[in-house]
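Asks: I am attaching a structure below and will ask some questions about it afterwards.
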Amino acid sequence: MSGGLARPLALHVAVIALLLGLNVVLPDYHHGVMARILVLAIFAMGYNLLFGYVGLLSLGHAMFFAAGLYGAALPVYHLGWGVPAAFGSGIAAGAVLALAIGLLALRTTGVAFMIVTMMFSQVLFLLITYFSRWTRGDEGLVLSQQARSIAIGGTVLDLTNPSNRYLAALALFSIVLLITLAVVRSGHGRVLVAIRENEERTRMLGYNTFASKLAAVVASGTICAAAGAAYVLLFGYAGSTLASVQYSILPLLWVLLGGAATTLGPLVGTVLMYYMIDVASGYTAAYMLIVGLMLIALILYFPKGILGTLRSRWIGWLP
Amino acid sequence: MTPLLVTKGLSRNFGGLKAVETVDFALMPGEIRAVIGPNGAGKTTFVSLVCGRLLPSSGSIQFDGEDITTLPPHLRVRRGIAYTFQITSVFANLSAYDNVALAAQRSLADARAQGGVHAVVAEALDRTGLAARAQAIAGTLSYGHQRLLEVAMGLALKPRLLILDEPTQGLSDSEIDNFVTLVREIARTGTVLLIEHNMQVVMALADRITVMNAGRILAEGTPGQISANEDVQRAYLGTPADG
Numbered sequence: 000m001s002g003g004l005a006r007p008l009a010l011h012v013a014v015i016a017l018l019l020g021l022n023v024v025l026p027d028y029h030h031g032v033m034a035r036i037l038v039l040a041i042f043a044m045g046y047n048l049l050f051g052y053v054g055l056l057s058l059g060h061a062m063f064f065a066a067g068l069y070g071a072a073l074p075v076y077h078l079g080w081g082v083p084a085a086f087g088s089g090i091a092a093g094a095v096l097a098l099a100i101g102l103l104a105l106r107t108t109g110v111a112f113m114i115v116t117m118m119f120s121q122v123l124f125l126l127i128t129y130f131s132r133w134t135r136g137d138e139g140l141v142l143s144q145q146a147r148s149i150a151i152g153g154t155v156l157d158l159t160n161p162s163n164r165y166l167a168a169l170a171l172f173s174i175v176l177l178i179t180l181a182v183v184r185s186g187h188g189r190v191l192v193a194i195r196e197n198e199e200r201t202r203m204l205g206y207n208t209f210a211s212k213l214a215a216v217v218a219s220g221t222i223c224a225a226a227g228a229a230y231v232l233l234f235g236y237a238g239s240t241l242a243s244v245q246y247s248i249l250p251l252l253w254v255l256l257g258g259a260a261t262t263l264g265p266l267v268g269t270v271l272m273y274y275m276i277d278v279a280s281g282y283t284a285a286y287m288l289i290v291g292l293m294l295i296a297l298i299l300y301f302p303k304g305i306l307g308t309l310r311s312r313w314i315g316w317l318p
Numbered sequence: 000m001t002p003l004l005v006t007k008g009l010s011r012n013f014g015g016l017k018a019v020e021t022v023d024f025a026l027m028p029g030e031i032r033a034v035i036g037p038n039g040a041g042k043t044t045f046v047s048l049v050c051g052r053l054l055p056s057s058g059s060i061q062f063d064g065e066d067i068t069t070l071p072p073h074l075r076v077r078r079g080i081a082y083t084f085q086i087t088s089v090f091a092n093l094s095a096y097d098n099v100a101l102a103a104q105r106s107l108a109d110a111r112a113q114g115g116v117h118a119v120v121a122e123a124l125d126r127t128g129l130a131a132r133a134q135a136i137a138g139t140l141s142y143g144h145q146r147l148l149e150v151a152m153g154l155a156l157k158p159r160l161l162i163l164d165e166p167t168q169g170l171s172d173s174e175i176d177n178f179v180t181l182v183r184e185i186a187r188t189g190t191v192l193l194i195e196h197n198m199q200v201v202m203a204l205a206d207r208i209t210v211m212n213a214g215r216i217l218a219e220g221t222p223g224q225i226s227a228n229e230d231v232q233r234a235y236l237g238t239p240a241d242g
């Protein structure tokens, strides 16, 4: 963390430029897939902030994604809100939920923290199903094309247009990526890693570790909510499946695959996992078996994930 | 001159065991005080009460005239009490630089240090002779260097009271010599409370010595008075006849 900033910054800008270039060259199908992957990678980055850097393993991050998803979808669907206001309300819903959950769940650590976060997430999932009058349960809410357009002055920005959608996803992804880079390289980032490594020692250096962990939960939850809000506004669908336990496990797998506590790991992991499932399901209905076997191989041979392994073996400056 | 640290009737029980019992203790600013005593005498428990890792069963602690008896440990550190661990507890996966930077960030935030993180870190690593190893991962350092890194972290905190819990344990003779010089230097600007088993180090450094036994203070005085004290000889130093 004490190394130069030039190389990491150049790498991140290059990655963003590459993704921008893909907007022009990608065929239709992959263009849509990559837009979705970028939004899910934001979800993974939010998860990584808490799991990778602070070392808190949550099994309930679907609730923050869902808070953003429904925090944006419900006001659009029922109250006719515009896209910017809905995006804001999605993020706010995630931030408030994360603060409340953090205050309660951070009384625990380790396995208890995993269970408590999972339980809270299940509560939200069941609430979404229970109030199906408003949420339409697993059938879900579908937002119309008209509802997913932003009027700026005289021009209308249509988020259902593939290129606009991709660029909007990339813009949010880039902002979150650069924020993550700034946070993990700051003094605060150093304290978060110190908590992961040895919380007692960090406290004895004069840090209020509870406050730092709470701030990390709120930041992580807010980023995941931003991903959820972007998901519904860009792809027009919010269903209770997206709040299920599967969506708490997925970000964990993406981050583990790409490399926990690396800034670009979440993107790498999400891209690989998404395409792995996509390709495998083309061959067999038992595609999860193939994914499972690959995950076992990963844990056996690359326990630090792809970028984590690269960093420890070859590229030490990788943030 | 008013004492920097005062404890009154300080006690801590673990179940039926009275680890620290009604300890009245005072430490003057600028002093190097050694706390000695046989294993299980309550030395580490006593300093853990001072730095807040443990809360007392009864009694009070004052630091610089302010009652800190129930203050959480991180707020005591912010008032200038630094504790270096008996069992080496550096951040093994971080570089030596980052270890010290964590301490430096804190003292800068609390306005006990001036300048930038880099300057404070460089100074602490320099004073402990670790400057050349700044980028080494702490866990790969030799045991002696890890102990020095602990001290460097303590230094970077710019403490008003530095508590060293058996700092020379596991150090070689030459490392111990350097360490003694270092502690003398620290004491020019701060106060040092030292738990130590190595009597040569104690005699070389301490202005005064407090001897603990079975949770109580057995004797207190200058190194000369303590080595002449018969109670202390019986309890701890061993009489010449015992060899």
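Protein chains in written order, with numbering that gives the first Met the number 0: chain A, 0 to 318; chain B, 0 to 242. Each residue gets a CB set at the ideal place from its N, CA and C atoms; glycine is no exception.
Considering only C-alpha positions, which residue in the set A:ILE149, A:GLY153, A:THR159 is nearest to A:VAL141?
Replies: A:THR159
Asks: Just the C-alpha distance for A:THR283 and A:GLN144, rounded to the nearest angstrom, thanks.
Replies: Taking the straight line joining both Cα atoms gives about 34 Å.
Asks: Closer than 7 Å, CB to CB, is B:ASN92 near chain A or not?
Replies: yes
Asks: Tell me, please, whether the region 280-296 of chain A touches the region 15-32 of chain B by the rule of three or more beta-carbon pairs shorter than 8 Å.
Replies: Contact fails: fewer than three Cβ-Cβ distances are below 8 Å.
Asks: At 9 Å on the CB atoms, spell out the chain B contacts of A:VAL183, in chain order.
Replies: Chain B residues near A:VAL183: none, gap ~12 Å exceeds 9 Å.
Asks: Does the beta carbon of A:LEU191 come closer than 7 Å to any beta carbon on chain B?
Replies: It does not: the Cβ of A:LEU191 has no partner Cβ on chain B nearer than 7 Å.
Asks: Please list, in chain order, all residues of the same chain as B:ARG132 whose beta carbon is under 6 Å from its beta carbon, the five residues on each side excluded.
Replies: ALA95
Asks: Got a sec, what are the start and stop residues for the beta strand (DSSP E) B:VAL210 sits in?
Replies: 207-212
Asks: Name the chain B residues whose beta carbon is nearer than 7 Å to that of A:TYR206?
Replies: HIS73, ARG105
Asks: In terms of alpha-carbon separation, which member of A:PRO26, A:LEU19, A:PRO250 lies closest to A:GLY227?
Replies: Among A:PRO26, A:LEU19, A:PRO250, the Cα nearest to that of A:GLY227 belongs to A:PRO250.
Asks: Quick check: the Cα distance between A:THR240 and A:ARG35, rounded to an integer number of angstroms?
Replies: Per the coordinates, the alpha-carbon of A:THR240 lies some 16 Å from the alpha-carbon of A:ARG35.
Asks: From A:GLY315, A:LEU68, A:ALA146, A:ALA259, pick the residue whose C-alpha is nearest to that of A:LEU78; which is it?
Replies: A:ALA146
Asks: Would you verify that the beta carbon of B:ARG77 is, or is not, closer than 7 Å to some beta carbon of chain A?
Replies: yes
Asks: So is B:GLU184 buried or exposed if we call it buried at 16+ other beta carbons inside 10 Å?
Replies: exposed
Asks: Between the beta-carbon of A:ILE90 and the beta-carbon of A:PHE119, is there less than 7 Å?
Replies: no
Asks: What's the C-alpha gap between B:ARG77 and A:GLY205?
Replies: Cα-Cα distance, rounded: 6 Å.
Asks: Would you say B:TYR82 faces chain A, with C-beta separation under 7 Å as the test?
Replies: yes
Asks: For A:ALA72, does the count of other Cβ atoms within 10 angstroms reach 16, so buried, or fall short, so exposed?
Replies: A:ALA72 should be labelled buried.
Asks: Compare the Cα-Cα distances from A:ARG164 to each of A:LEU292, A:LEU17, A:VAL38, A:LEU4 and report the closest residue.
Replies: Among A:LEU292, A:LEU17, A:VAL38, A:LEU4, the Cα nearest to that of A:ARG164 belongs to A:VAL38.
Asks: I need the straight-line Cα distance from A:MET383 to A:LEU309, nearest angstrom please.
Replies: Beyond the ends of chain A as shown, which are 0 and 318, falls residue 383 of chain A; an answer cannot be given.
Asks: Please name the residue in A:GLY136, A:ASP277, A:SER219 whose C-alpha comes closest to that of A:PHE124.
Replies: Comparing Cα-Cα distances from A:PHE124 to each of A:GLY136, A:ASP277, A:SER219, the minimum goes to A:GLY136.
Asks: Residues of chain E with a CB under 9 Å from the CB of B:ALA102: which are they?
Replies: No chain E is present in this structure, whose protein chains are A and B.
Asks: Shorter than 7 Å from the beta carbon of B:SER88 to some beta carbon of chain A?
Replies: yes
Asks: With a threshold of 7 Å on Cβ separation, who are the neighbours of A:SER60 within its own chain once the five nearest residues in sequence on each side are excluded?
Replies: One detail in the question is off: residue 60 of chain A reads as His in this sequence, not Ser. The residues are TYR46, CYS223, SER247, PRO250.
Asks: Should A:VAL302 go down as buried or exposed, given a rule of 16 or more other Cβ atoms within 10 Å for buried?
Replies: A small correction: the amino acid at residue 302 of chain A is Pro; Val does not occupy that position in the sequence shown. The residue is exposed, with fewer than 16 neighbouring Cβ atoms inside 10 Å.
Asks: When DSSP labels each residue in this structure, what does A:VAL53 get in the three-state scheme?
Replies: coil
Asks: Below 6 Å CB to CB, which residues in the same chain sit around A:ILE15 once its five sequence neighbours on both sides are set aside?
Replies: SER173
Asks: Going along the chain, which residues of its own chain have a beta-carbon closer than 8 Å to the beta-carbon of B:MET0, five neighbours each way excluded?
Replies: MET27, PRO28
Asks: Starting from the C-beta of B:PHE223, find all residues in its chain whose C-beta is less than 7 Å away, skip the five residues before and the five after it, and write them out in chain order.
Replies: It is worth fixing the name first, because residue 223 of chain B is Gly in this sequence and not Phe. Closer than 7 Å at the Cβ level, and outside the excluded window around B:GLY223, lies no residue.
Asks: Does any CB atom of chain B fall closer than 7 Å to the CB of A:GLY70?
Replies: no
Asks: Enumerate, from N- to C-terminal direction, the unbroken alpha helix (DSSP H) stretches of 4 or more residues contained entirely within the region 67-129 of chain B.
Replies: 72-78, 95-108, 116-126
Asks: Got a sec: is the Cβ-Cβ distance from A:ASN197 to anything in chain B below 7 Å?
Replies: yes
Asks: Measure how close the beta-carbons of A:VAL267 and A:LEU49 come, nearest whole angstrom, since I'm counting them as under 8 Å.
Replies: Not quite, the Cβ-Cβ distance comes to about 19 Å (not below 8 Å), so this is no contact.
Asks: Would you kindly work out how many angstroms separate the C-alpha atoms of A:VAL23 and A:PHE130, rounded to a whole number?
Replies: 42 Å
Asks: When Cβ atoms are compared, which residues of the region 145-165 of chain B fall closer than 8 Å to chain A?
Replies: Legend: CB atoms of the region 145-165 of chain B lying less than 8 Å from CB atoms of chain A belong to residues MET152, LEU156.
Asks: Check B:VAL150 in the structure and name its three-state DSSP category.
Replies: helix
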